[in-house]
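Q:
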Amino acid sequence: MADAPVSAVRSPVPQPRDPDDADSPAGKKRAKARIRQPLRHRLRRDRALLLFCLPGVLYFVLFFYLPLAGNVIAFQDYQPFLGFKQSPFVGLANFTALLSEPEFWSAVSNTLQITAIQLLLYFPAPIALALLLNSLISEKIKRFIQTIVYLPHFLSWVVVVAMFKQVLGGAGSVTTLLMEHGVNIGNVMTDPGTFKLLITAQAIWKDCGWGTIIFLAAIASIDMGQYESAAMDGAGWLRRIWHITLPGIRPVILMLLILRLGDILSVGFEQIILQRDAVGPDASEVMDTYVYFHGVIDGDWGMSTAAGLMKGVIGFALILAANKLAHRFGEQGVYR
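All residue numbers for the sequence shown refer to the numbering used here, where the first residue is 99 and numbers rise by one.
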């Protein structure tokens, strides 16, 4: 009969635990002691990191959190000469008046139409451009094209609108060339019917290249071995994009889409106000310009603040809903 294994007949000899082990009682006690350091010791220990974060914290406090107190104007008949304390409180009267105003609903309609067009045309454009750039074999050509497509991002909207006028205006180069060949497209820059497509085209031309930075970085993090294995199996360029690249950058796409939904009612202020007079307010009035003209120009501070507050609340609710939906589909989302 064979002898039984030694481990089966002998009980294991308990070994003394390493005192530096975090799971040992001594290690847990030391970790707890470190956590219980006095506040001034922890501040002194992390002073370099705290000083590094201080400018960013001050920026957000001064320009984002302190101005939130100004939302109280939405519930007041605000008079600048009386200030917050002495202006009469009117409850939800500003919101009631706002919802009964046709100009407000016209601005909401224009904003949602522009947002829908931008989600369909503008949001996928950087993804498509990043996929095309990633497919280039020559690194020199790739970097040259990247440099060219990044440049429009650094131009102001004044310059961009002026350039589009020189090209698509009544006497623009493209308009004149088409007219010489018997095609009359009119003055695109003053046509209310094409205004929403026009500002989407301007946004794509200006920021599409800049938006590829994040997607190119996400593509670079994909394991190249997957592409090599797929190529050995006979997968073509489109199949590699569909089955490897797009699934690899899907978390980034979803995160940016969620953040975009938070700004769904912000479709640009400077770009639109520069062209508002050319096409008229019926086609170009959006939430941002409505708040500006009713608050700063007309002096109706209460209603304009109520419109801005509603815009912020709707954007916040959309971010929460989209993030929750991303969790349902197993994605990380913006936060957990």
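Backbone N, C-alpha and C define an ideal beta-carbon position, used for all residues, glycine too.
In the DSSP assignment, find the alpha helix (DSSP H) that holds residue 237 and state where it starts and stops.
A: As a working note, residue 237 is residue 139 in the sequence shown. Note, residue 237: alpha helix (DSSP H), 237-248.
Q: Mind reading off the beta-carbon distance from residue 208 to residue 384? Whole number of angstroms is fine, and I expect it under 8 angstroms.
A: Mapped onto the sequence shown, residue 208 falls at position 110. Mapped onto the sequence shown, residue 384 falls at position 286. Yes, they are in contact, since the Cβ atoms of residue 208 and residue 384 sit about 5 angstroms apart, within 8 angstroms.
Q: The alpha helix (DSSP H) with residue 340 in it runs from where to where?
A: Within the sequence shown, numbered from 1, the residue matching residue 340 stands at position 242. No alpha helix (DSSP H) holds residue 340; DSSP gives it neither H nor E.
Q: So does the segment 290-310 actually touch the segment 242-260, counting three or more Cβ pairs closer than 8 angstroms?
A: Yes: at least three Cβ pairs fall under 8 angstroms.
Q: Between the C-alpha atoms of residue 321 and residue 165, what's the straight-line distance to the nearest angstrom?
A: Locating residue 321 in the sequence shown gives position 223, counting from the first residue. Locating residue 165 in the sequence shown gives position 67, counting from the first residue. Taking the straight line joining both Cα atoms gives about 45 angstroms.
Q: In three-state terms, what does DSSP make of residue 174?
A: As a position in the sequence shown, residue 174 is number 76, starting the count at 1. In this structure, residue 174 counts as strand in the three-state DSSP scheme.
Q: Which value, in whole angstroms, describes the spacing of the CA atoms of residue 254 and residue 358?
A: Indexing the sequence shown from 1 puts residue 254 at position 156. Indexing the sequence shown from 1 puts residue 358 at position 260. The straight-line gap from Cα to Cα measures roughly 21 angstroms.
Q: Which word fits residue 332, buried or exposed, when buried means at least 16 other C-beta atoms lie within 10 angstroms of its C-beta?
A: Mapped onto the sequence shown, residue 332 falls at position 234. Burial call: exposed.
Q: Once DSSP output is grouped into helix, strand and coil, what is the label at residue 92?
A: The chain is shown only over 99 to 434; residue 92 falls outside these bounds and no answer can be derived.
Q: Can you give the Cα-Cα distance for residue 324 and residue 352, rounded to whole angstroms?
A: For this step, residue 324 is matched to residue 226 along the sequence shown. For this step, residue 352 is matched to residue 254 along the sequence shown. Spanning the two alpha carbons is a distance of roughly 22 angstroms.
Q: List the DSSP bridge partners of residue 202.
A: As a first step, residue 202 must be located in the sequence shown, where it is residue number 104. Its beta-bridge partners do not exist; DSSP assigns none.
Q: Report the partner residues of residue 252 according to the DSSP bridge assignment.
A: On the sequence shown, position 154 is the one that residue 252 refers to. Partner(s): none; residue 252 has no beta bridge.
Q: Cβ atoms of residue 304 and residue 212: under 8 angstroms apart, would you say?
A: Within the sequence shown, residue 212 is the residue found at index 114, counting from 1. Within the sequence shown, residue 304 is the residue found at index 206, counting from 1. Contact: no.
Q: Below 8 angstroms on the Cβ atoms is my contact criterion, and I expect residue 190 with residue 401 to pass it. Report the Cβ-Cβ distance as a whole number of Å.
A: Walking along the sequence shown from the start, residue 190 turns up at place 92. Walking along the sequence shown from the start, residue 401 turns up at place 303. With 8 angstroms as the limit, residue 190 and residue 401 do not qualify as a contact, their Cβ atoms being about 12 angstroms apart.
Q: Residue 298 lies in the alpha helix (DSSP H); which residues open and close that run?
A: To locate residue 298, count along the sequence shown from 1; it is residue 200. It spans 293-318 - the alpha helix (DSSP H) in which residue 298 sits, taken as one unbroken run.
Q: Mind checking which residues open and close the alpha helix (DSSP H) that includes residue 382?
A: Residue 382 sits at position 284 when you count from the first residue of the sequence shown. 379-382 is the span of the alpha helix (DSSP H), which, as asked, contains residue 382.
Q: Whole angstroms is fine: what's the gap from residue 318's alpha carbon to residue 221's?
A: Residue mapping note: residue 318 aligns to position 220 of the sequence shown, counting from 1. Residue mapping note: residue 221 aligns to position 123 of the sequence shown, counting from 1. Their backbone Cα atoms lie some 20 angstroms apart in a straight line.
Q: Counting pairs of beta carbons, one from the segment 330-345 and one from the segment 165-183, are three or more of them closer than 8 angstroms?
A: Because the criterion of three Cβ pairs below 8 angstroms is not met, the segment 330-345 and the segment 165-183 do not touch.
Q: Are there 16 or more other CB atoms within 10 angstroms of the CB of residue 106, so buried, or fewer, so exposed?
A: Position 8 of the sequence shown, counted from the first residue, corresponds to residue 106. With a pLDDT of only 43 at residue 106, under the threshold of 50, the placement of this residue in the model should not be trusted; the figure read from the coordinates follows. Classification of residue 106: exposed, given that the 10 Å Cβ count is below 16.
Q: Would you be able to state if there are at least three C-beta pairs under 8 angstroms between the segment 359-376 and the segment 228-236?
A: No: fewer than three Cβ pairs fall under 8 angstroms.
Q: The alpha helix (DSSP H) with residue 401 in it runs from where to where?
A: Indexing the sequence shown from 1 puts residue 401 at position 303. Looking at the DSSP string, the run of the alpha helix (DSSP H) that includes residue 401 is 399-426.
Q: Confirm, please, whether the CB-CB distance from residue 371 to residue 387 is below 8 angstroms.
A: Taking the first residue of the sequence shown as position 1, residue 387 is located at position 289. Taking the first residue of the sequence shown as position 1, residue 371 is located at position 273. Contact flag set, yes.
Q: Rounded to a whole number of angstroms, what is the C-alpha to C-alpha distance between residue 326 and residue 225?
A: The count along the sequence shown starts at 1 and reaches residue 326 at position 228. The count along the sequence shown starts at 1 and reaches residue 225 at position 127. Rounded to the nearest angstrom, the two C-alpha atoms are 22 angstroms apart.
Q: Just reading off the alpha helix (DSSP H) that residue 194 is part of, what are its end residues?
A: Against the sequence shown, residue 194 aligns to sequence position 96. Segment 191-197, the alpha helix (DSSP H) holding residue 194.
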